[in-house]
Amino acid sequence: MKILKKIWSSFPVQLLVVHVKYNQFLLVYWFILFSVVGGSFGENLGIPYLFLDPVYLDEVSIWGFIIMGIAVAGFGMAFNITSYILDGFRFPFLGTLPKPLAHFCINNSLIPFSFLVFYVIKIIQFQQDAGEGASQETAIKVAGVLLGCIAFLFFLFAYFFKTNRDIFKVLGINQQLKLKRTNSQKLKAFRKLQSLKRSRVKVDYYLSLTFKVYSTRRFEEYYDRMAILRVFLQNQRNAIIIESLVLVIIFSLGLFQDVAIFQIPAAASGTLLLTMIVMLTGALSFWFRSWIISGIVGVFILLNMVFATDFLTYQYPAYGLNYESTPAEYKLENLQEYTSEENVEASKEYMLAVLENWKAKFMEDKPKMVLITVSGGGQRSALWTTNVMQKADSVFKGDLMNSTFMITGASGGLFGAAFYRELAWKNLEPQAHEHLADISKDVLNPVIFTLLVNDLFVKFRSFEYGGFRYKKERGYEFEQRLKSNLHGLLDNPISTYRAPEFNAEIPLLIVGSTITNDGRKLYISPHPTAFFNTGADRDHSKIQGVDFNLLLAQHQPDSLRFLTALRMSATFPYFSPSISLPTKPRMSIADAGISDNYGISDATTFLHVFKDWIKENTSEVVMITIRDSSKEPPVEADHSKNLIQKFISPIQGAVKSWDQIQTIKNEQRYDMISSDYGSHLRRVEFEYQNQKSNRASLSWRLTDREIQNILDGIKDDINQKALKELGK
Numbered sequence: 001m002k003i004l005k006k007i008w009s010s011f012p013v014q015l016l017v018v019h020v021k022y023n024q025f026l027l028v029y030w031f032i033l034f035s036v037v038g039g040s041f042g043e044n045l046g047i048p049y050l051f052l053d054p055v056y057l058d059e060v061s062i063w064g065f066i067i068m069g070i071a072v073a074g075f076g077m078a079f080n081i082t083s084y085i086l087d088g089f090r091f092p093f094l095g096t097l098p099k100p101l102a103h104f105c106i107n108n109s110l111i112p113f114s115f116l117v118f119y120v121i122k123i124i125q126f127q128q129d130a131g132e133g134a135s136q137e138t139a140i141k142v143a144g145v146l147l148g149c150i151a152f153l154f155f156l157f158a159y160f161f162k163t164n165r166d167i168f169k170v171l172g173i174n175q176q177l178k179l180k181r182t183n184s185q186k187l188k189a190f191r192k193l194q195s196l197k198r199s200r201v202k203v204d205y206y207l208s209l210t211f212k213v214y215s216t217r218r219f220e221e222y223y224d225r226m227a228i229l230r231v232f233l234q235n236q237r238n239a240i241i242i243e244s245l246v247l248v249i250i251f252s253l254g255l256f257q258d259v260a261i262f263q264i265p266a267a268a269s270g271t272l273l274l275t276m277i278v279m280l281t282g283a284l285s286f287w288f289r290s291w292i293i294s295g296i297v298g299v300f301i302l303l304n305m306v307f308a309t310d311f312l313t314y315q316y317p318a319y320g321l322n323y324e325s326t327p328a329e330y331k332l333e334n335l336q337e338y339t340s341e342e343n344v345e346a347s348k349e350y351m352l353a354v355l356e357n358w359k360a361k362f363m364e365d366k367p368k369m370v371l372i373t374v375s376g377g378g379q380r381s382a383l384w385t386t387n388v389m390q391k392a393d394s395v396f397k398g399d400l401m402n403s404t405f406m407i408t409g410a411s412g413g414l415f416g417a418a419f420y421r422e423l424a425w426k427n428l429e430p431q432a433h434e435h436l437a438d439i440s441k442d443v444l445n446p447v448i449f450t451l452l453v454n455d456l457f458v459k460f461r462s463f464e465y466g467g468f469r470y471k472k473e474r475g476y477e478f479e480q481r482l483k484s485n486l487h488g489l490l491d492n493p494i495s496t497y498r499a500p501e502f503n504a505e506i507p508l509l510i511v512g513s514t515i516t517n518d519g520r521k522l523y524i525s526p527h528p529t530a531f532f533n534t535g536a537d538r539d540h541s542k543i544q545g546v547d548f549n550l551l552l553a554q555h556q557p558d559s560l561r562f563l564t565a566l567r568m569s570a571t572f573p574y575f576s577p578s579i580s581l582p583t584k585p586r587m588s589i590a591d592a593g594i595s596d597n598y599g600i601s602d603a604t605t606f607l608h609v610f611k612d613w614i615k616e617n618t619s620e621v622v623m624i625t626i627r628d629s630s631k632e633p634p635v636e637a638d639h640s641k642n643l644i645q646k647f648i649s650p651i652q653g654a655v656k657s658w659d660q661i662q663t664i665k666n667e668q669r670y671d672m673i674s675s676d677y678g679s680h681l682r683r684v685e686f687e688y689q690n691q692k693s694n695r696a697s698l699s700w701r702l703t704d705r706e707i708q709n710i711l712d713g714i715k716d717d718i719n720q721k722a723l724k725e726l727g728k
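Those letters in the sequence shown? Residues 1 to 728, per the numbering used here, in order.
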């Protein structure tokens, strides 16, 4: 019993009690980190892998783990410093100790140390699951984390040891150097002492810098309370200086956001962001004290008012478009004009000319037409699409792109399909394995790093494209990273593809994206696409889409960067900023997967509009669908048990079933068009079926294990059967 009482009255335990009682928000941030690293949060998005397998300079090495160690240590010290600023005065005995801040950090390190141990264990488990076991490579990675932690802590404590005053220095000050106190200063000091007395927490034992346990009553009663208070005030000022310096360093990193060596692992950037939030909320708590809730609400309202104006609001542009011209009117009258009989018929006549050019390539009168539809799904889908197209092309003996007339789809799948089309067009050995390595390289690090050091603050760097200047932000970094990974192959204005697509040198690739203003689809292509925009009954059908070229005819649409067009189709929330177009009202663009994640609707619309020509001029139509998910996943039971789970279950269920809702609607579309075509239309489906715990995450950074898992997906029975079907 005495041992339990001694433990309860110890400094570390009482610190935890203080955190729970006064500053629960500090524990919330630790809960987030524990949840992420433990895999309870963001596993489907691959967030835990960013911590457990960090990429730095395009490889997983000790340097990435060293940077993670520094980031984790930095977050731990931000937690300690913020705790000291907010709660250090509650433990007056600290002011009597040499190096009071260091003593506080040692005794407040129960949670940081527990997280470090937890983090190391998870790294080892991840390496074991990946087949590394307890290898030397795993030991090096763990050593990197520990080395980063130790190096950062050594630097920081060296600073504190040199600059922080303790009680002996305060009492040693010459009496003549002390400032004369006015009555108001005396009153202020008295109030501080009274506050200290009321907020004091009783502690009997503490852990020293030599890790020995001592009683807190050894010195405290011998010292002047005012001297103790001055120690705390000086230490608080010094801690605030350190936090301010950290913020300045983070802001300064924005100057080097284009330099690869400064593009730290995405998890490190995320941890730094969390560190900034800890320091910010700590500062607000220090300033507002008991008014903290009111203060945060006030700051939020103020920021909300400021961002509601044009002063700090930034509209992310589409590179290549002219934003200086008068905005295009986006209203129903104009949409009706874009889908007028004249525009629709003109687009049909144009597409018939492209079809004739495609047919002229073949010796036979009725060649076989291939349509390819690809699904969204980030880098997972990009790699899977490239992998499947390589295997399918081998079945076609290198003639897949020649036989394909059109490619439709969304998000990552379009990146993979566009990349493969470019390789085939430039005759760059499209079936070479090295291209799979290129499409699977990390894209996340520079994007998250730019979000941290640039997008959250003032965007002061710019670049030129298409004769116009734009701000550098994470959308730009996303495109630049893909440009680098893919050797610049897709870095062209969309007009580059008009002639080769029109002459049927390469398949048409229709880029679709969702207009958040009204849910319609924006069709981006160097060709007229008005026939996509309306239903069979033009007079009574809702206008379903918008032709990009008609809408922005006065805004240099031909100069739109192709990488930007693809990014508009892959606008993942928060990761990739939503692009705004020069229209009135301002049009905002979202991921194409919101309307159709598989490209089936566009393919079936094309088959419907040009049914007569296709049936008369082709021997068969083969629709190759490439999905990054199973078409028939197992039915999951509702595991909602507690009140919170039951509350969020309806929303969670709607989100989880959205993929299957789209699949069912696409099946209905395909069945309808199939009834028109009969045996003239055949479908071959490829699916990345892995629905288990080792399924590749929806992210723009894949681990080696995930990459191999995706590549092995082609070996599944359903995909081998599909390849044999193509071979017929």
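Note that the Cβ used here is the ideal one computed from N, Cα and C, for glycine as well. None of these values were measured; they are calculated from a predicted model.
- Annotated as proximal: L509 and R421, with beta-carbon spacing under 8 Å.
- The residue from A130, S576, F572 and R586 with its alpha-carbon nearest to that of L551 is R586.
- In terms of Cα proximity to L45, the closest of G727, L489 and W700 is W700.
- The beta carbon of K391 sits closer than 7 Å to the beta carbons of I714 and L723 from its chain, once the five residues preceding and following it are set aside; these are given in chain order.
- Rounded to the nearest angstrom, the Cβ distance from P327 to K584 is 4 Å, consistent with a contact under 8 Å.
- By the 16-neighbour rule on beta-carbons within 10 angstroms, A267 is buried.
- In this structure the region 596-613 lies against the region 392-412, because at least three pairs of beta carbons, one per stretch, are closer than 8 Å.
- Taking a contact to require three or more Cβ pairs closer than 8 Å, the region 108-126 and the region 52-68 qualify as touching.
- In the structure shown, the three-state DSSP call for P528 is coil.
- In this structure, the alpha-carbon of W425 lies about 23 Å from that of G727.
- Between S629 and the set M672, S697 and E620, the nearest pair of CA atoms involves S697.
- For T564 against Y323, the beta-carbon gap comes to about 13 Å, at or over 8 Å, which does not count as contact.
- When L451, L57 and M389 are compared, the shortest CA-CA separation from V370 is found for M389.
- In this structure the region 353-368 does not touch the region 587-601; the number of beta carbon pairs closer than 8 Å is below three.
- Taking C-beta atoms under 8 Å as the contact rule, R627 and F686 qualify, at a distance of about 7 Å.
- Assigned with DSSP and collapsed to three states, E616 falls in helix.
- Beta bridge pairing from DSSP links K471 with S462.
- One thing to note: P430 has its Cβ no nearer than 8 Å to the Cβ of D455.
- The beta-carbon distance between T373 and H435, rounded to whole angstroms, is 21 Å. This is too long to meet the 8 Å contact definition.
- By the neighbour-count definition (other C-beta atoms within 10 Å, threshold 16), M672 is an exposed residue.
- Counting along the chain, the unbroken alpha helix (DSSP H) around V28 starts and ends at Q24 to G38.
- In the DSSP assignment, I85 falls within the alpha helix (DSSP H) that extends over I62 to D87.
- Under the DSSP assignment, E501 falls in the alpha helix (DSSP H) whose first and last residues are R498 to F502.
- Put simply, the backbone Cα of M401 is about 28 Å away from that of D659.
- For P634, the number of other beta carbons within 10 angstroms of its own is below 16, and it is reported as exposed.
- Checking the DSSP bridge columns, you'll see I407 partnered with I372 and L509.
- Nearest to T281 by alpha-carbon distance, out of N23, A553 and S580, is N23.
- Per the DSSP secondary-structure output, K584 pairs in a beta bridge with E329.
- Residue state for Y119 is assigned as helix, using DSSP reduced to three classes.
- Per the Cβ contact rule, the region 258-273 is in contact with the region 64-80 (3 or more Cβ pairs under 8 Å).
- In this structure, the beta-carbon distance from K366 to S403 does not fall below 8 Å.
- Inclusion of F449 and I264 in the CB contact set at 8 Å is warranted, their separation being smaller than that value.
- Under DSSP, T514 takes part in a beta bridge, and its partners are K521 and A590.
- M363 sits exposed, since fewer than 16 C-beta atoms from the chains shown fall within 10 Å of its C-beta.
- Going by DSSP, E685 is part of the beta strand (DSSP E) stretching over L681 to E687.
- The residues M77, in chain order, have a CB closer than 7 Å to that of L156 in the same chain once the five nearest residues on each side in sequence are set aside.
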